[in-house]
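So that you can map any letter, position 293 of the sequence shown is 275 in the numbering used here, and since no number is skipped, the others follow by simple counting.
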Amino acid sequence: MNRHMWFTPPHVSKALRWVGRSNRTKSTLFPFHNQSSFHEDLEVKPTGEFERDTSYEEESLSQMMKALLIVAYSAIICISLFGNVAVCHVLIKNKRMHSATSLFIINVAAADILITLLNVPFTLVRFVSSTWVFGKPMCHISHFVQHCSIQASALTFAAIALHRRQVIMHPFKPRMSLVKGGLCIVVIWLIASCFSVPYAFYQKLERLRYGNKTIRIACLSSFPPPTDLYWKYLDLSTFVLLYLLPFSVISITYISVAKKLWMRNAIGDVTMNQYYAQQRKKKTTLKMLMVVVMVFGVCWFPLNCYLILMSTQAIDRNNGLYFAFHWFAMSSACYNPFVYCWLNEGFRTELRALLGMCSKKQPLRSVSADFRFSWGGNYCCKQGATTQQARESSHKNSVQTGISIVEFEH
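Right, here's the structure in full:
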């Protein structure tokens, strides 16, 4: 156990450090780490044990570290809220983009918003104040939202991959309807909730006292006996079923889709220019979806490795590393809107219209009519082309390629 714990006054660390050796197996295997881990090495001792130590010190974090944490986590909150709300607004506002894929993208954004509102702020306050100040209900809710949101995101990415495979590998089969897409999302949240309920249910508030004064309130996990086995098997099963398995499915699916896209010949009577344009659209679509998944996986990978090494006692607890890895994992909620803007001209145009930054104040519908939201490329109508011509051209290319150019490609 690290004796220089940031979240515990020196006398508490000294009096309780022996507990760390017996509780080391509590370190979770799953990436969605119990954020009260710094308190899990503690166990409330009789009040007299603390009264004999006069080295009480109120501050367990330096002012510089507190300021750094406030800036870092506040940046996540602001960027994530603005970006993901903008994504939801653009997709919901434009009827042309109402499709199953759009629902999945909105679902990921909603999960990011949930974790931004109901987990990150509480984590920040607890890190800075070194205590839990939000009461017992939020102790349960915050942990539930953290686990459920991230698990729902991972399952949604797998659903998107399988849906894209269906669209590209079997272009002439019926596309998934909005109703079926909504049912898939309901099932995703039910599965995520089932695996998250134990983490939320087995939480308790523990008061650490110095004399007659409560010096810390910790939100701790308290699983039934045998605690170590219960914790280990729950984390391991969740890690395998809701992290490794979805990303394995995603990897295999996108590899097969990539082979199909790069090897497929032109369908129907198209010119070489049309064919190459279609290829660019398809490759950009695949690139965008793969980047979103890779960002999510990369953000959570360092924390995964750290917690696995902790669980096997290969390394000692390091609060500095945990702060860095936890912040990096939480920052995954910020990046998707930037990926969409980077790889899609249509989304950039809609976002500029939303922010009132367009030189010509046009309604959102006129923008989408020109760009058609080709999430596989930058589709623009020729100068002087009418809206009806744009629709006919878009429909023709959609039929020829087997990939719809509208609304996140159905």
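We put the CB at the ideal spot given by N, CA and C, even for glycine.
None of the values given here were measured: they were computed from a predicted structure.
Check, Outcome
"Whole-angstrom distance between Ala315 and His71, CA atom to CA atom", "17 Å"
"Buried/exposed call for Arg299, threshold 16 Cβ in 10 Å", "buried"
"Local Cβ density within 10 Å of Ser56, reported as buried at 16 or more and exposed below that", "exposed"
"Reduced DSSP secondary structure (H/G/I, E/B, other) of Arg198", "strand"
"Rounded separation between Ser406 and Gln148 - CA only", "Residue 406 cannot be examined here, being either before or after the span of the chain that is shown, -17 to 392."
"Leu187 - partner residues in DSSP beta bridges", "Cys201"
"Closest residue to Val90 among Trp244, Ile290, Val222 and Val67 (Cα-Cα distance)", "Val67"
"Lys263 burial status per 10 Å Cβ neighbour count (16 or more: buried)", "buried"
"Three-state class that DSSP yields for Thr113 in the structure shown", "coil"
"Cα-Cα separation between Thr104 and Met254, rounded to whole angstroms", "Correcting the residue identity first, residue 104 is Phe in this sequence and not Thr. Distance between the alpha carbons of Phe104 and Met254: 56 Å."
"CB-CB length for Ala93 against Ser135, believed under 8 Å", "5 Å"
"Option in Ser159, Cys281, Tyr215 and Tyr236 with minimal Cα separation from Thr267", "Tyr236"
"Straight-line Cα distance separating Ile87 from Met270", "12 Å"
"Inter-stretch contact (C-beta, 8 Å, three-pair minimum) for the region 125 to 144 and the region 172 to 188", "yes"
"Pro153 (DSSP reduced to helix, strand or coil)", "coil"
"Beta-carbon proximity check, Cys121 vs Lys186, cutoff 9 Å", "yes"
"Start and end residues, alpha helix (DSSP H) containing Lys214", "Thr209 to Phe221"
"Exposed unless 16 or more other CB atoms sit within 10 angstroms - verdict on Trp114", "buried"
"First through last residue of the alpha helix (DSSP H) which encompasses Ile97", "Ala82 to Leu100"
"Residue closest to Leu144, alpha-carbon to alpha-carbon, out of Leu218, Ile232 and Leu289", "Ile232"
"C-beta atoms of Val275 and Phe305 nearer than 9 Å", "no"
"Three-way DSSP call (helix, strand, coil) for Pro103 in this model", "helix"
"Residue burial classification, Met245 (beta-carbon count within 10 angstroms, cutoff 16)", "exposed"
"Own chain residues within Cβ distance below 6 Å of Ser178, not counting five before or after", "Phe126, His129 and Cys130"
"Range covered by the alpha helix (DSSP H) that runs through Leu227", "Leu227 to Met245"
"Outcome for Pro206 when other beta-carbon atoms lying within 10 angstroms are tallied against a minimum of 16", "exposed"
"Val169 to Ile132 span [Cα, whole Å]", "15 Å"
"Simplified DSSP assignment, three categories, for Met276", "helix"
"Spatial distance of Val239 from Phe154 (CA atoms)", "16 Å"
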